[in-house]
Amino acid sequence: MKKILVFILIISIVGVLASCGKEKATTEPKPKTCEQIEPCKTALKYTTYYNQGAKDKVYDMELEGENNKSYTSKKEAIEAIEDKYQKLKGKKIKRYVALEYEVSPEKTYIYKFEFPDLETGKKTEMKMKIEKTDNNSFGVSQYYVPVPNLDITVAGKIVDYKTYYSKGLTQKEKTELTPLPIEK
Numbered sequence: 001m002k003k004i005l006v007f008i009l010i011i012s013i014v015g016v017l018a019s020c021g022k023e024k025a026t027t028e029p030k031p032k033t034c035e036q037i038e039p040c041k042t043a044l045k046y047t048t049y050y051n052q053g054a055k056d057k058v059y060d061m062e063l064e065g066e067n068n069k070s071y072t073s074k075k076e077a078i079e080a081i082e083d084k085y086q087k088l089k090g091k092k093i094k095r096y097v098a099l100e101y102e103v104s105p106e107k108t109y110i111y112k113f114e115f116p117d118l119e120t121g122k123k124t125e126m127k128m129k130i131e132k133t134d135n136n137s138f139g140v141s142q143y144y145v146p147v148p149n150l151d152i153t154v155a156g157k158i159v160d161y162k163t164y165y166s167k168g169l170t171q172k173e174k175t176e177l178t179p180l181p182i183e184k
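So the sequence shown is numbered by the numbering used here: it starts at 1 and just counts up by one.
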């Protein structure tokens with residue numbers, strides 16, 4: 001009986017040792033989240049401020065120049081702060097899916113976000129361009145109309161996009177929130 005138990009034990013140990021090493025060890029880092037990537041983090045912050053109704057903060061993040069600012073002055077932006085801001089100012093967009101088009105490496109990005117509105121919970125979409133400024137920060141230009149294909153094209157070819165999901169989304173939420181790519 002002891003011989004049978006020893007034999008079974010040896011077979012089990014050999015089986016365990018044989019199965020070791022079958023899975024490849026990966027040294028690739030985990031995919032980064034939107035909050036870990038500066039331009040995406042800027043886009044998410046802008047989207048949150050915009051959805052809260054914080055027009056003054058939105059104005060501060062927008063790029064200088066023609067048609068980039070949503071208001072003609074900071075004073076006008078402050079006057080336009082929505083009533084809902086007092087109710088929503090502490091809330092953040094926690095559930096979202098973002099598509100990122102890197103048009104110019106580490107300089108120009110186009111983002112398309114889908115998220116539940118902070119006030120109504122209805123699925124909402126925002127599109128914006130994030131550009132690195134002279135002082136190495138990022139500024140925002142919002143698209144109020146569809147993004148032209150020309151804006152996501154490099155050398156005549158539409159650039160690939162990356163998709164970022166907020167933490168904790170179920171597969172169903174990912175499916176429901178994932179926006180259509182810009183080029184379609």
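Glycine included, every Cβ here is placed at the ideal spot set by N, Cα and C.
Since the model is a prediction, treat every value here as computed from it, not as a measurement.
- As computed with DSSP, K162 is found in a beta bridge with E100.
- Taking 8 Å as the cut-off, the beta carbon of G121 is found no closer than this to the beta carbon of Y85.
- Going by DSSP, Q142 is part of no alpha helix (DSSP H) but of the beta strand (DSSP E) stretching over F138 to Y143.
- Taking all protein chains shown into account, E64 has fewer than 16 neighbouring C-beta atoms within 10 Å of its C-beta and is therefore exposed.
- A check of alpha carbon separations from N68 across K112, Q142 and E183 identifies Q142 as the nearest.
- Secondary structure within the stretch 28-110: the beta strand (DSSP E) runs of 3 or more consecutive residues, fully enclosed, are 97-104 (chain order).
- Distance from V97 to K45 at the Cβ level is roughly 17 Å; contact not present, criterion being Cβ atoms closer than 8 Å.
- Taking all protein chains in view, the Cβ of V140 is crowded by 16 or more other Cβ atoms within 10 Å, so the residue is classified as buried.
- Rounded to whole angstroms, the separation of the alpha carbons of D117 and L169 is 16 Å.
- Nearest neighbour of P179 by Cα position, chosen from P146, K157 and L150, turns out to be P146.
- For a cut-off of 8 Å, the C-beta gap from P39 to Y109 is around 5 Å, short enough to register as a contact.
- The beta carbon of K94 is closer than 7 Å to those of S166 in its chain, skipping five residues each way along the sequence.
- In this chain, the beta strand (DSSP E) harbouring K132 covers K123 to K132.
- With respect to the C-alpha of S73, the residue from D83, K112 and D60 having the closest C-alpha is D60.
- Secondary structure at K167: coil, using DSSP grouped into helix, strand and coil.
- Contact annotation: Y111 and E125 have beta-carbon atoms that are not nearer than 8 Å.
- Look at E176 here: in three-state DSSP terms it is helix.
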